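>
There are 2 protein chains.
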Amino acid sequence: MGVIERKEREKELRSENIIDAAERIFFNKGFEHATMNDVAEEAELSKGALYLYFHSKNELCMAILQRSLHILRKIFVLLLNEKNLTGIEKFTKLAELFITFAKEHTNHYNSLLSYREHRENCPATGKIIKSTIEENQNINNIISDIIKMGQIDKTIKKNIDADRLSLALWGNFTGIMPSSILSEKVITNFNPEDIIKYHFELLINAIRN
Amino acid sequence: MGVIERKEREKELRSENIIDAAERIFFNKGFEHATMNDVAEEAELSKGALYLYFHSKNELCMAILQRSLHILRKIFVLLLNEKNLTGIEKFTKLAELFITFAKEHTNHYNSLLSYREHRENCPATGKIIKSTIEENQNINNIISDIIKMGQIDKTIKKNIDADRLSLALWGNFTGIMPSSILSEKVITNFNPEDIIKYHFELLINAIRN
DNA sequence: TCACCAACTGACCCATGGTCATATTTTGTC
DNA sequence: GACAAAATATGACCATGGGTCAGTTGGTGA
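If you read the protein sequences in the order shown, they are chains G and H. According to the working numbering, the first sequence is numbered sequentially starting from 3. According to the working numbering, the second sequence is numbered sequentially starting from 3.
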């Protein structure tokens, strides 16, 4: 009797459906202006039911953020496993992929930037928070691994600290600059893409063997 | 009769007092958990009075953020005007100063990271938003100028794009990584300081003449 | 002394996150 | 099929807090 298993699957499905609905609502109205009633309606559930699956509005948001990280990780994994590319070539492609991600998954990219805002209001013990941290860690490891591959195939200098550099890059990727301050046209004519690419160029020069 | 002038001064003073109170409350309770009633009480005013000086809670927050930028700018101006330092030396000191700022003005530093959150809910026409953008622009110009000084005194490569590099650095400084994701002990043993310093090291290698 | 006006007050409005007693559906048992 | 127990869902309700506004206060200038 796979009743329990089926129920578990259904519960998982409901949860995913709620996140789907939340994405549509949050991405459309913005986190602050979207209400839990909106989400409930979109999910074809009552508000109370939402709270059977998520502790709070913030946690629901973290679930979306986790998805964003998941998408990005999958993209990076593809790069990591690609044959016929040297380490430094993969490293170069990182910037490109990230820009593509920001362009093609703009809403998800933006969700990453509100990590702080939502994270603070979620208990650290939750499953969602844990997955989020795990995804994040994975992404850093992938970047780090790409650098290390470059050191093995001798296209990246041996003395580069792969772990530190990967963290620095990640910080740069998710810096608030690209999407907010920079997008104030008043401030600059450069677009975020420009800046990220230029920054990468300099780093590549610094680490190339 | 300087009555009008005096009144203007007093109004300005009130405004500053409110921001003082708001800092004490927001920095203590956190933006989300602090209420306008708290701020009003701390400022020894009624809630209604706050709204004579600031359009919204978010705008009050932007006023704090503007102060943060102002503090940081003053620090950077000192560096810019320092004699007896070459361009590359000043550039090197930028990282140090920023880390010091983050350590000694942690609350103000954190306020910078919530730019997006508050910015979205403020009309672009407001005086506070304008000053914020201006301070931001100034800081970018200072960083850019430091790089250009290095190019003049030949300690920094001629072909470095000062404007783009300054924006990339600013993005890195205000990335969400340092204070949030990185501070999850689970993820890494490095502290933000480490990462920023290492990143700078690489860049310095790349741009040094 | 008085009219005026800017500064200020705080009771009030209302939107919304979150709760909970109740209702509905599903499941297991006989 | 009947029925109790458990799981799931409902939506009226509550508390909170951002924001408003009719009314008060007190300084100013005539």
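All residues carry an ideal CB built from backbone N, CA and C; glycine is no exception. Computed from a predicted model, the values in this text were never measured in an experiment.
#1: Is the beta carbon of V41 (chain H) less than 8 angstroms from the beta carbon of A24 (chain H)?
#2: Beta-carbon within less than 8 angstroms of E186 (chain H)'s beta-carbon, same chain only, minus the 5 sequence neighbours each way: which residues are those?
#3: For R16 (chain G) and Y55 (chain G), which I take to be in contact (beta-carbon distance under 8 angstroms), what is that distance rounded to the nearest angstrom?
#4: Report all residues from its chain with a CB closer than 8 angstroms to the CB of R26 (chain G); omit the five preceding and five following residues, and keep chain order.
#5: Kindly indicate if chain G contains any beta-carbon less than 8 angstroms away from that of N86 (chain H).
#6: Measure the CB-CB distance between L115 (chain H) and R69 (chain G) and report whether it falls below 8 angstroms.
#7: Tell me I158 (chain H)'s beta-bridge partners as DSSP assigns them.
#8: Here's a check: name, in chain order, each residue in its chain whose Cβ is nearer than 6 angstroms to the Cβ of Q153 (chain H), leaving out the five neighbours to either side.
#9: Tell me the residue span of the alpha helix (DSSP H) that contains K108 (chain G).
#10: Using C-beta distances below 8 angstroms, list every residue in its chain close to L67 (chain H), excluding the 5 sequence neighbours before and after it, in chain order.
#11: Entirely within the stretch 7–74 of chain H and at least 4 residues each: give me those alpha helix (DSSP H) ranges in chain order.
#12: Would you list, in chain order, the members of the stretch 47–75 of chain H that have their beta-carbon closer than 8 angstroms to a beta-carbon of chain G?
#13: Nearest-angstrom Cα distance between N174 (chain H) and E18 (chain H)?
#14: Let me know if F100 (chain H) comes out buried or exposed under the rule of 16 or more other beta-carbons within 10 Å of its beta-carbon.
#15: Is the beta carbon of M151 (chain H) closer than 8 angstroms to that of K92 (chain H)?
#16: Spatial neighbours of N60 (chain H) within its chain, please: CB distance less than 7 angstroms, with the 5 preceding and 5 following residues excluded, ordered by chain position.
#17: Report the option in H:S58, H:H35, H:L96 whose CA atom is closest to the CA atom of L74 (chain H).
#18: What do you reckon, are the CB atoms on Y200 (chain G) and A170 (chain H) nearer than 8 angstroms?
Taking the structure as given:
#1: Less than 8 angstroms divides the Cβ of V41 (chain H) from the Cβ of A24 (chain H).
#2: Confidence in E186 (chain H) is poor, its pLDDT being 44 and thus under 50, which makes the residue's placement unreliable; the coordinate value appears in the next sentence. Same-chain partners within the cutoff: there are none.
#3: With a Cβ gap of about 6 angstroms, R16 (chain G) and Y55 (chain G) count as contacting.
#4: Taking R26 (chain G) as the centre and dropping the five residues before and after it, the same chain places the C-beta of E44 closer than 8 angstroms to its C-beta, in chain order.
#5: Not an interface residue.
#6: Contact: no.
#7: According to DSSP, residue pairing for I158 (chain H) in a beta bridge involves H:R210.
#8: Excluding the 5 residues flanking it on each side, Q153 (chain H) has same chain C-beta neighbours closer than 6 angstroms at K160, in chain order.
#9: Checking the sequence shown, residue 108 (chain G) turns out to be Thr, not Lys. Counting along the chain, the alpha helix (DSSP H) containing T108 (chain G) begins and ends at 108–115.
#10: S113, L114, S116, Y117, H120, T134, listed in sequence order.
#11: The stretch 7–74 of chain H contains these whole alpha helix (DSSP H) runs: 38–44, 49–55.
#12: Answer in chain order: no residues at all.
#13: Each residue's alpha carbon lies about 30 angstroms from the other.
#14: Buried, since its Cβ has 16 or more Cβ neighbours within 10 Å.
#15: Yes; because the gap between Cβ atoms is below 8 angstroms, this pair is in contact.
#16: For N60 (chain H), the CB contacts under 7 angstroms within the same chain, skipping 5 residues up- and downstream, are H120, N123, C124 in chain order.
#17: Answer by Cα proximity: H:L96.
#18: Going by C-beta atoms, Y200 (chain G) is nearer than 8 angstroms to A170 (chain H).
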